[in-house]
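Participant: Please find one structure pasted underneath; my questions will follow.
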Amino acid sequence: MIKLSLAKVKVGGRYDKSIRLHEKEPRRIKVEISGYEVETYDEYVGILLEYYKEGVNPRILSVDKIYPKGNYIMGIKGTFKEESYAGLFFELTGKDDSRGVYFIRMSNISGKLEIPMEKLREYWYKGIHIDSIHPFFLSKLHDTLASREGEADLKDFIRYIMRINRNRLSGEDKGKLSKLVSELQYPNEPIVYGKDKYYTVYRSKRIFSSVTIENAEGLIPMPDIGTIETETKDIAYYYSAILNYLVYYAIKKNLSFVRNLHAKPVFVIQKTNLSWNSTEDIRDDVVELSEEIHERAPRIYTSDHGNEKGYFEDLEKDSKFMELVELLNGYVSEKIGHRKLISKLSIVAG
0 MIKLSLAKVK VGGRYDKSIR LHEKEPRRIK VEISGYEVET YDEYVGILLE YYKEGVNPRI
60 LSVDKIYPKG NYIMGIKGTF KEESYAGLFF ELTGKDDSRG VYFIRMSNIS GKLEIPMEKL
120 REYWYKGIHI DSIHPFFLSK LHDTLASREG EADLKDFIRY IMRINRNRLS GEDKGKLSKL
180 VSELQYPNEP IVYGKDKYYT VYRSKRIFSS VTIENAEGLI PMPDIGTIET ETKDIAYYYS
240 AILNYLVYYA IKKNLSFVRN LHAKPVFVIQ KTNLSWNSTE DIRDDVVELS EEIHERAPRI
300 YTSDHGNEKG YFEDLEKDSK FMELVELLNG YVSEKIGHRK LISKLSIVAG
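Going by numbering that gives the first Met the number 0, the first residue of the sequence shown is number 0, and it counts up by one from there.
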């Protein structure tokens with residue numbers, strides 16, 4: 000038996016990435032130390048070593064692809080720290096069919112921009128942002144400017160917008176668009192969801208809430224979003240149920256979630272016999288319950304919660320979700336063991 004200590008550090012006030020408190024902030028630091036035991040060293044760090052050695056395997060999970068994170072795009076909303084510039088997210092404010100133009104307002108831009116319809120359609124995509132992903136529920140898709148051809152092509156399009164709108168842009172808005180061109184970072188081969196595919200998406204930071212998306216062609220996942228791609232609808236709904244169950248399980252065990260997850264939640268499934276091919280006795284029931292909860296989710300949630308735990312608190316009041324939890328708890332007890340599951344969960348929450 001190996002004895003370990005866990006320190007939970009709570010900082011009052013803001014701190015930067017160097018973990019130094021800001022000069023003007025009060026120094027309120029609280030450290031709580033608790034002890035726990037593991038049987039072996041491998042139980043403590045084994046799952047992490049396995050993750051980096053083995054990685055996730057789509058074949059084991061019976062899926063087509065796994066994207067550990069979304070597209071790294073700098074310039075989505077138009078602000079970064081103290082800087083302010085135009086953002087790629089936009090709002091459609093109107094159109095003039097007789098002239099063949101759309102009117103849009105980009106993030107952090109006060110003026111209305113005019114763009115030919117055919118030209119805008121080439122760069123008009125729907126983006127999935129981490130803030131819109133909740134358990135069994137996608138709250139919003141964002142209209143966003145994007146390109147399948149990469150960063151240079153997208154920057155050329157923004158310059159084109161500036162050129163054709165030069166007489167209606169204020170000096171401030173011109174500066175913000177110029178700043179976007181200089182600051183924009185965008186992948187040269189972006190992830191764009193395909194036709195006739197189903198997608199299980201999840202938050203890849205801390206609480207990894209998950210939702211299944213149908214009819215996803217052309218959607219673009221933003222940073223901090225993990226994706227499971229499959230041609231099978233049932234498998235997509237199955238994995239969103241399993242991921243949300245694992246989050247709920249970790250919350251009920253009072254585990255603290257790791258900040259950067261990437262493919263780790265999927266690896267937990269791979270290593271605990273919770274993959275599609277391992278649960279033939281219950282997987283059909285899991286799929287059915289997942290679809291029902293997805294359909295009910297917009298009515299289950301009482302408000303836009305400030306954190307993901309609020310959504311899981313609402314789910315506790317839903318009979319179908321609790322039926323799913325009971326079903327999977329029973330499977331864990333019989334086939335996996337709760338001690339083993341908690342051990343494997345340590346890679347995402349401990």
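Beta carbons are placed, not taken as given, at the ideal position from N, Cα and C, and that holds for glycine.
Source: prediction; values computed, not measured.
#1: CB residue 224 to CB residue 258, shorter than 8 angstroms?
#2: Would you mind stating whether residue 265 and residue 65 have Cβ atoms separated by less than 8 angstroms?
#3: Provide the residue span of the alpha helix (DSSP H) that contains residue 247, from first to last.
#4: What are the start and end residues of the beta strand (DSSP E) that includes residue 264?
#5: How do the stretch 243–250 and the stretch 87–101 stand: do at least 3 beta-carbon pairs fall below 8 angstroms, yes or no?
#6: Could you give the residue range of the alpha helix (DSSP H) that holds residue 71?
#7: For residue 259, which three-state DSSP category applies?
#8: What separation, rounded to the nearest whole angstrom, lies between the Cα atoms of residue 276 and residue 241?
#9: If we require 3 or more residues per run, which beta strand (DSSP E) segments fall completely within the stretch 169–225?
#10: If we count the other Cβ atoms within 10 Å of its Cβ and call it buried at 16 or more, is residue 16 buried or exposed?
#11: I want to know whether the stretch 275–290 touches the stretch 321–337 - three or more CB-CB distances under 8 angstroms.
#12: Is the CB-CB distance between residue 133 and residue 330 below 8 angstroms?
#13: Return the chain-ordered list of same chain residues with a C-beta closer than 8 angstroms to the C-beta of residue 91, the five sequence neighbours on each side being excluded.
#14: Curious, which full-length alpha helix (DSSP H) runs of at least 4 residues does the stretch 103–147 contain?
#15: Going by DSSP, what residue range makes up the beta strand (DSSP E) through residue 95?
#16: Please classify residue 238 as buried or exposed, where buried requires at least 16 other C-beta atoms within 10 Å of its C-beta.
#17: According to DSSP, what are the bridge partners of residue 64?
#18: Would you list the one or two residues that DSSP bridges to residue 348?
#19: For the candidate residues 229, 206 and 55, whose alpha-carbon lies nearest to that of residue 213?
#20: Who are residue 101's beta bridge partners in DSSP?
#21: Touching or not, the stretch 150–165 and the stretch 110–126, by the rule of three or more beta carbon pairs under 8 angstroms?
#22: Which word fits residue 52, buried or exposed, when buried means at least 16 other C-beta atoms lie within 10 angstroms of its C-beta?
#23: In angstroms with no decimal places, state the Cα-to-Cα distance between residue 123 and residue 338.
#24: Which class does residue 49 belong to by DSSP, given the choice of helix, strand or coil?
#25: Could you please give the first and the last residue of the uninterrupted alpha helix (DSSP H) stretch that includes residue 319?
#26: Is residue 55 helix, strand or coil when you go by DSSP?
#27: Where does residue 315 sit, in a helix, a strand or coil, going by DSSP?
#28: Using three-state DSSP, classify residue 32 as helix, strand or coil.
#29: Would residue 271 and residue 227 be called neighbours here (beta carbons separated by less than 8 angstroms)?
#30: Rounded to whole angstroms, what is the Cα-Cα separation between residue 98 and residue 117?
#31: Please report the distance separating the alpha-carbon of residue 211 from that of residue 300.
#32: Do residue 107 and residue 138 have their CB atoms nearer than 8 angstroms?
#33: Does residue 83 come out as helix, strand or coil in the three-state DSSP assignment?
#34: Using the Cα positions of residue 158 and residue 281, report the straight-line distance between them to the nearest angstrom.
Facilitator: In short:
#1: No, they are not a contact pair.
#2: Their beta carbons are under 8 angstroms apart, which means residue 265 touches residue 65 by this criterion.
#3: 232–251
#4: Note, residue 264: premise wrong, no beta strand (DSSP E); alpha helix (DSSP H) at 263–270.
#5: no
#6: Run containing residue 71: none; DSSP gives neither H nor E here.
#7: In this structure, residue 259 counts as strand in the three-state DSSP scheme.
#8: 13 angstroms
#9: 197–202, 209–212 and 218–220
#10: Only weak support exists for where residue 16 lies, its pLDDT of 49 falling under 50; the value from the coordinates is given anyway. Under this definition residue 16 is an exposed residue.
#11: yes
#12: no
#13: 101, 102, 103 and 142
#14: 116–122
#15: 86–95
#16: Its Cβ being crowded by 16 or more others within 10 Å, residue 238 is buried.
#17: 228
#18: Under DSSP, residue 348 takes part in a beta bridge, and its partners are 256.
#19: 229
#20: 94 and 114
#21: When Cβ pairs closer than 8 angstroms are counted between the two stretches, the stretch 150–165 is seen to touch the stretch 110–126, the count reaching three or more.
#22: exposed
#23: 48 angstroms
#24: helix
#25: 318–330
#26: coil
#27: Residue state for residue 315 is assigned as coil, using DSSP reduced to three classes.
#28: strand
#29: no
#30: 12 angstroms
#31: 17 angstroms
#32: With respect to residue 138, residue 107 sits apart: the two C-beta atoms are not nearer than 8 angstroms.
#33: strand
#34: The alpha-carbon of residue 158 is positioned some 54 angstroms away from that of residue 281.
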